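A.B. asks: Sending over a structure as C-alpha cells; questions will come in a sec.
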Amino acid sequence: GAGVSQSPRYKVAKRGQDVALRCDPISGHVSLFWYQQALGQGPEFLTYFQNEAQLDKSGLPSDRFFAERPEGSVSTLKIQRTQQEDSAVYLCASSRRGSGGPNNEQFFGPGTRLTVL
Amino acid sequence: KQEVTQIPAALSVPEGENLVLNCSFTDSAIYNLQWFRQDPGKGLTSLLLIQSSQREQTSGRLNASLDKSSGRSTLYIAASQPGDSATYLCAVRRSMYSGGGADGLTFGKGTHLIIQP
C-alpha cells in the first residue's frame, strides 16, 4: 500500500481481556516501530524490529506486552490481561533502512485507539 | 535518559503571522531530529528531518533549524494559515554510537497550534 496501515482503528476491551493490534508497514521497509501515545502526551517508544528480528524491546512497559513480526513484514502487538492504564493510541511506524541508516525517516500509521473499561 | 521539551505547550495566533516553535533536548548525542504534525485522531505526518551534521532544512513555508551543541531546534512557520492548525511534535533519534542500537525516537509532548481565521 501507499502508507502504513493499522487495524483496528478503535478497540474497546474489558479489563482482563487480551487484545491484538495489527500493523502493515510500507512494502519493503526494513524497520518497524511501535509507540504508545497517552492522551495529551507525545508518543513513547515501545519496541523495534529490523526485518523479523526484534532488536529492542526496552520500551515495553510490562511482560503483558508482546510484539512479533514473524515474516519481516506485518507486525502484531499483543497485550494480555489489559488494564485501564493501557488505554492509549498505539502507533506503528516503518522506515526504509535498518538501524543506523542515514536519512532514515519514519513514516507513521493512523494508530489504534485502545480503550480499556 | 534523553528528554525532549517543547515550548510553548499551546499557541493561538491570527492568520498570516510568522511563528516559531521551540524544541530542546538534554542529550546532544543525536543522529537526527524530526518535526511532525499530528491532526486530531490521526497519525503523525513527517514535516522535516534534520541530520545531526546539518544546520537547517526547508520545505515550503516551513524552516527547521538545529543547534546540536546547545540541544535546541526551532520550527519556523511563515505566513500561517488556518490549515496549519495541529499539534507539532519534535522527536530525536539517538546516535548509533550511544549504545542500544535501536532507532526509536524520543518525542516531546508537542505544541498545540491554533491559527485563527
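Here the protein sequences come in this chain order: A and B.
Per the working numbering, the very first residue in the first sequence carries number -17; after that it's consecutive.
Per the working numbering, the very first residue in the second sequence carries number 75; after that it's consecutive.
The C-beta atom is built at its ideal place from N, Cα and C for all residues, glycine as well.
Keep in mind that this is a model prediction, so the values were computed, not measured.
So is B:Y162 buried or exposed if we call it buried at 16+ other beta carbons inside 10 Å?
C.D. replies: Translated into positions along the second sequence, residue 162 of chain B becomes position 88. Counting Cβ neighbours within 10 Å, B:Y162 comes out buried, since at least 16 surround it.
A.B. asks: B:D177 versus chain A: which residues are under 8 Å apart at the beta carbon?
C.D. replies: The residue labelled residue 177 of chain B in the question sits at position 103 within the second sequence. The contacting residues are S13, F15, Y30, S77, S81, G82, N86 and Q88.
A.B. asks: Measuring straight from C-alpha to C-alpha, what distance separates B:K116 and A:S76?
C.D. replies: As a position in the second sequence, residue 116 of chain B is number 42, starting the count at 1. As a position in the first sequence, residue 76 of chain A is number 94, starting the count at 1. Their backbone Cα atoms lie some 16 Å apart in a straight line.
A.B. asks: Less than 8 Å between C-beta atoms, sequence neighbours within five positions excluded: which residues of the same chain meet that for B:S172?
C.D. replies: Stepping through the second sequence from its first residue, residue 172 of chain B is reached at position 98. The predicted model places B:S172 with a pLDDT of 49, which falls under 50 and marks its position as unreliable; any figure quoted below should be read in that light. These residues qualify, in order along the chain: D101 and A103.
A.B. asks: Nearest by alpha-carbon distance to A:R63: which of A:C74, A:F47 and A:Q19 is it?
C.D. replies: Within the first sequence, residue 63 of chain A is the residue found at index 81, counting from 1. The shortest C-alpha separation from A:R63 is found at A:F47.
A.B. asks: Report the option in B:V78, B:L107 and B:I188 whose CA atom is closest to the CA atom of A:N86.
C.D. replies: Along the first sequence, read from residue 1 onward, the residue named residue 86 of chain A stands at position 104. When only C-alpha atoms are compared, the closest one is B:L107.
A.B. asks: Distance check for A:Q65 and A:A49, CA to CA, integer angstroms please.
C.D. replies: As a working note, residue 49 of chain A is residue 67 in the first sequence. As a working note, residue 65 of chain A is residue 83 in the first sequence. Straight-line Cα distance between these residues: approximately 17 Å.
A.B. asks: Which term fits B:D177, buried or exposed, when burial requires 16 or more other beta carbons within 10 angstroms of its beta carbon?
C.D. replies: To locate residue 177 of chain B, count along the second sequence from 1; it is residue 103. Flag for B:D177 reads buried.
A.B. asks: Say whether chain A places a C-beta atom closer than 9 Å to the C-beta of B:L93.
C.D. replies: Position 19 of the second sequence, counted from the first residue, corresponds to residue 93 of chain B. It does not; no Cβ of chain A falls within 9 Å.
A.B. asks: Leaving aside the five residues before and after A:V(-6) along the sequence, list all residues of the same chain whose C-beta is less than 6 Å from its C-beta, in chain order.
C.D. replies: As a first step, residue -6 of chain A is located in the first sequence; it is residue number 12 there, counting from the start. So the qualifying residues of the chain are T97.
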